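J.: Under our numbering, the letters of the sequence shown match residues 17 to 867, in that order. Handing you a structure now.
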Amino acid sequence: MLALAQKVFGSANQRLVKSFYKIVEQINSLEPEIQKLSDQMLSDKTKEFKEQLKGGKTLDDLLIEAFAVVREASKRSLGMRHFDVQLIGGIALHHGMIAEMKTGEGKTLVATLATYLNSLTGKGVHVVTVNDYLAKRDSEWMRRLYDALDLSVGCITHNMTDEERRVVYSKDIVYSTNNELGFDYLRDNMKFSRNDVVQRGFNYAIVDEVDSILIDEARTPLIISGPVSEDNKIYTKIDKIITKLQSSDYELDEKNRSALLTEDGISKAEELLKTHNLIAADSSLYDTGNIIITHYIDQALRAHKLFTVDKDYIIKNGKVVIIDEFTGRMMESRRYSDGLHQALEAKEGLEVQNESQTLASITFQNYFRLYKKLAGMTGTAATESAEFWDIYKLKVMQIPTNAPVKRKDLDDEIYCTEEEKYNAVVKFIIECHNRYQPVLVGTTSIEKSEKLSRLLTENSLKHSVLNARYHEQEAHIIAQAGMSGKITIATNMAGRGTDIQLGGNAKMLAKIELKNPNQDQEIIQKVEKDKEIAINAGGLCVIGTERHESRRIDNQLRGRSGRQGDPGLSKFFLSLEDDLLRIFGSDKIKIFLKKLGLKKDEAIHHPWINSALEKAQRKVESKNFDVRKSLLKFDDVINEQRKVIFKRRNDILNTEDNDISLVYKNINYFIVNKIILDKYCDEESYESITDEISRIYRLKLNFSEFDLDKDSILDYVNGEVDKLFCKKEQLFNQYRDDLWNTVVKQIMIMTLDHLWREHLLALENLKHSVNLRAIGQKDPLNEFKKEAFIMLQRMLNEWQELILHRLVRFNIKDEQQYIDQKFSKINDFPYTSRNDKCPCGSGKKYKHCHG
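Printed below as a string of structure tokens:
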């Protein structure tokens with residue numbers, strides 16, 4: 017029935033495309049009129065649009081004319097005129113959708129349409145990319161267009177100071193990576209002055225490679241951490257014990273990446289631990305006091321048995337560097353949490369770095385949900401459309417290609433062993449190479465890319481390798497990957513951001529070979545001739561050496577071929593030893609293949625196998641979605657608390673005069689009402705109140721002359737505390753006006769930050785412990801919500817009491833000299849980054865000196 021309805025009325029996507037084409041026709045109708053405008057008149061349109069917005073018009077009202085203006089400005093400044101399908105993509109982005117566009121369809125140019133329109137509000141637009149190279153490239157490339165329309169544009173990069181960041185964030189359009197934006201948000205919420213904050217709000221963001229950022233990276237939160245002082249030798253000692261375990265001593269769950277000791281393994285580990293004096297001779301590994309040792313054992317097991325060098329991580333400059341499983345890039349700023357990174361360092365015989373404590377954290381899900389409007393672009397989003405809608409309320413729209421796709425997608429070939437598979441891959445590469453067809457071979461790890469590289473070398477086939485080891489050569493390698501007869505091996509191609517053009521990329525080749533940004537005529541002619549040879553050979557041939565857990569990653573690799581109507585070819589080679597088939601493939605596939613009795617070097621390729629593999633991938637995608645959704649539910653609880661803390665922190669920063677009386681009156685009310693249950697109190701209650709007030713304020717109260725009710729006692733206590741803080745305020749302010757308020761503000765914020773860090777650690781521990789309550793038929797999430805709320809209330813009460821405790825004991829010593837020093841620390845260098853050298857000339861980092 018559904019199929020019949022779609023045949024008659026078209027799918028929902030087709031109907032949406034049709035409705036957007038009507039808007040495109042209106043944009044096209046304005047083209048003759050817009051073409052008549054001078055460059056200055058075209059630039060003045062921006063001011064005119066802004067005035068219309070002030071007059072009551074909406075962005076939707078301006079869309080048609082604004083898009084026509086952008087297209088004309090692009091034609092003049094960049095030499096590129098937006099295709100009609102690109103206008104459709106721009107409309108989708110403006111309406112807060114994900115525009116799924118094939119590789120080579122010009123997503124960077126598409127983004128300029130919605131970026132320009134939404135920047136007219138003056139509230140800023142963020143264009144988010146996956147790496148610094150793309151952010152810098154796209155901002156510089158599109159700057160000519162934005163300059164022509166009188167808009168300011170900037171780019172946030174890793175090495176910027178806070179002052180430089182603040183300037184860029186004030187511009188109309190900001191290009192940046194998701195990491196830089198997220199970390200700036202966290203750092204802003206750790207600042208001690210409103211003037212130090214760099215970001216100015218979350219109006220509208222367009223996320224390029226949206227599936228990579230909002231799906232793949234969503235499992236790993238952004239964390240700002242500080243070192244924890246501890247003995248790191250324990251990791252090395254535990255590592256020696258793990259190396260002595262046999263395969264029968266542990267059980268591996270590769271699906272969930274977990275490892276557990278068997279009964280025999282527990283006994284063996286206990287004996288080894290006792291021998292090394294790591295646990296008491298009369299204790300068990302699972303005694304309460306040995307829980308932390310159990311944790312070390314579990315992480316060391318995972319490091320040895322589930323994490324592989326050159327696949328999950330590489331060793332670079334004596335450090336363990338994580339490799340992103342989706343993009344194949346190094347993630348030098350990231351570390352595995354919970355002691356796993358230390359376990360890997362011990363395994364590789366490297367110096368074990370200190371574990372760290374979380375100072376601030378946020379997931380990308382919760383960061384990007386801060387924006388009033390969010391949109392995204394990618395070549396592959398449809399397979400994850402349910403997750404995009406469920407988590408972000410983002411609808412995926414598939415944008416038609418400008419030219420029909422001519423790529424041929426051949427059925428997969430499946431072999432019994434990995435060796436047979438690689439032999440077939442090499443044979444297929446030789447066939448393509450002999451007809452001068454460019455070849456891109458996708459692998460899932462550095463180890464496998466280098467294995468294939470050795471096989472090609474043995475067969476005297478010249479080739480290039482693009483993986484985490486050689487990522488600096490990425491632009492050079494990709495620029496040549498479309499040349500006729502060229503062979504390129506690459507790990508996962510997600511987020512590479514550079515099209516593979518048949519014949520090669522003339523502009524990039526001119527930069528690389530001639531060190532000249534201008535296109536050289538000789539290179540252009542050479543590229544055109546080479547393109548013709550490559551087209552006649554069948555276009556770019558993409559070869560997959562393994563299926564990924566996610567169909568999306570396979571589609572990203574496949575999508576590198578057949579850009580802008582070019583011919584192309586794609587084919588995947590698999591073996592029964594591949595991870596997907598070995599771990600997740602259904603038994604039916606394996607039984608079916610074994611029944612066929614495949615001979616050595618014989619393959620099967622059948623549409624039914626493709627369908628079965630897709631089902632296996634869907635299962636994994638669904639499982640991964642459930643994991644991400646579960647993590648998000650827990651993080652949503654933490655995020656609500658994060659909002660409470662960050663709001664309170666910002667309120668303190670934004671308030672000129674923080675009234676401390678509200679804090680101590682609340683604490684005093686709590687003390688008196690906790691001790692006095694009735695209206696009147698006895699002598700014992702007086703003593704208890706006196707003790708509590710003395711503990712917090714160092715005040716001696718005299719109740720000997722009073723026979724007071726509860727309200728009168730509270731008034732008396734508040735009056736005495738009032739006098740105490742009035743005296744302190746007068747004392748501080750005699751040295752400098754408003755000094756007391758400055759001290760109050762600093763202590764309130766520093767105390768809140770300290771307790772929030774401790775609270776985050778407690779929440780992390782709670783998250784691990786509540787899962788065990790499922791055994792008692794209790795929902796872990798509900799248990800987490802209840803206990804987390806109680807913990808937050810307790811923390812906020814402790815915060816108020818600790819503020820008072822510290823303010824009472826905060827005294828002026830060495831008078832003027834001390835005050836000058838205090839103000840120097842607070843005010844002298846407000847725009848210095850924490851890791852920069854201190855401007856005072858001490859040679860120390862700012863955070864260890866005046867920071």
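Ideal placement from N, C-alpha and C gives every residue a C-beta, glycine not left out. Computed from a predicted structure; not experimentally measured.
Where does residue 387 sit, in a helix, a strand or coil, going by DSSP?
T.: coil
J.: Quick one: complete beta strand (DSSP E) runs, 3+ long, within the stretch 518-584?
T.: Annotation note: the stretch 518-584 contains the following uninterrupted beta strand (DSSP E) runs of length 3 or greater, listed N- to C-terminal: 556-560.
J.: Where does residue 36 sit, in a helix, a strand or coil, going by DSSP?
T.: Residue 36 falls in the helix class under three-state DSSP.
J.: Is the stretch 188-196 touching the stretch 139-156 in the sense that three or more CB pairs, one from each, lie closer than 8 Å?
T.: yes
J.: Can you tell me whether residue 298 is buried or exposed, with buried defined as 16 or more other CB within 10 angstroms of its CB?
T.: exposed
J.: Enumerate in chain order the residues of its own chain whose CB-to-CB distance from residue 273 is below 6 Å, with the five nearest sequence positions on each side excluded.
T.: 322
J.: Would residue 547 be called buried (16 or more neighbouring beta carbons within 10 Å of its own) or exposed?
T.: buried
J.: Within the same chain, show all residues whose beta-carbon is closer than 8 Å to that of residue 693, passing over the 5 residues directly before and after it, in chain order.
T.: Hits under 8 Å: none found.
J.: Are the Cβ atoms of residue 679 and residue 816 separated by less than 7 Å?
T.: yes
J.: Check residue 281 in the structure and name its three-state DSSP category.
T.: helix
J.: Could you tell me the alpha carbon to alpha carbon distance between residue 286 and residue 775, rounded to whole angstroms?
T.: 33 Å
J.: Just the C-alpha distance for residue 228 and residue 66, rounded to the nearest angstrom, thanks.
T.: 34 Å
J.: Under 8 Å Cβ to Cβ from residue 96, same chain only, skipping five residues before and after it: list those, please.
T.: 90, 122, 125
J.: Is residue 843 helix, strand or coil by DSSP?
T.: Any reading at residue 843 must be qualified, since the residue scores a pLDDT of 43, below 50, and its modelled position is unreliable; the value itself is stated next. In the structure shown, residue 843 sits in a helix (DSSP, three-state: H, G or I).
J.: Going by C-alpha to C-alpha distance, which of 134, 495, 377 sits closest to residue 659?
T.: 377
J.: Quick one, which of 651, 760, 324 has its alpha-carbon nearest residue 363's?
T.: 324
J.: What would DSSP say about residue 111, mapped onto helix, strand or coil?
T.: Looking at residue 111 - three-state DSSP - the assignment turns out to be coil, as it is neither helix nor strand.
J.: Assuming residue 505 contacts residue 465 under a Cβ cut-off of 8 Å, what Cβ separation, rounded to an integer in Å, is found between them?
T.: 5 Å
J.: Assuming residue 481 contacts residue 500 (C-beta within less than 8 Å), just tell me the rounded distance between them.
T.: Rounded, the Cβ-Cβ distance is 19 Å, inconsistent with contact.
J.: Have a look at the DSSP bridge pairing and note the partners of residue 506.
T.: Answer by DSSP bridge pairing, in chain order: 458, 482.
J.: Go ahead and label residue 919 buried or exposed: buried means 16 or more other beta carbons lie within 10 angstroms of its beta carbon, across all protein chains shown.
T.: Limits of the chain in this structure are 17 at one end and 867 at the other, which puts residue 919 out of reach.
J.: Taking the Cβ atom as the reference point for each residue, do residue 316 and residue 254 lie within a distance shorter than 7 Å?
T.: yes
J.: Under 6 Å Cβ to Cβ from residue 379, same chain only, skipping five residues before and after it: list those, please.
T.: 237, 651
J.: Following the continuous alpha helix (DSSP H) through residue 57, name the residue where it begins and the one where it ends.
T.: 55-70 is the span of the alpha helix (DSSP H), which, as asked, contains residue 57.
J.: If you follow the beta strand (DSSP E) that residue 182 is in, where does it begin and where does it stop?
T.: Note, residue 182: premise wrong, no beta strand (DSSP E); alpha helix (DSSP H) at 178-185.
J.: Excluding the 5 residues preceding and the 5 following residue 655 in the sequence, name in chain order all residues of the same chain whose CB lies nearer than 6 Å to its CB.
T.: 382
J.: Just grab the DSSP bridge partners of residue 253 for me.
T.: Note: residue 253 sits in no beta bridge, so no partner.
J.: Which of the three DSSP states, helix, strand or coil, is assigned to residue 25?
T.: Interpretation of residue 25 is limited by its pLDDT of 47, a score under 50 that renders its predicted location unreliable; no figure is taken from the coordinates.
J.: Are the CB atoms of residue 39 and residue 127 within a distance shorter than 7 Å?
T.: no
J.: Please report how far the alpha carbon of residue 536 lies from the alpha carbon of residue 41, in whole angstroms.
T.: 38 Å
J.: List the residues that DSSP assigns as beta-bridge partners of residue 269.
T.: 274
J.: Just the C-alpha distance for residue 460 and residue 184, rounded to the nearest angstrom, thanks.
T.: 37 Å
J.: Could you tell me the distance, in whole angstroms, from the CA atom of residue 278 to the CA atom of residue 284?
T.: Going from the Cα of residue 278 to the Cα of residue 284 covers about 10 Å.
J.: How is residue 91 classed by DSSP in three states: helix, strand or coil?
T.: helix
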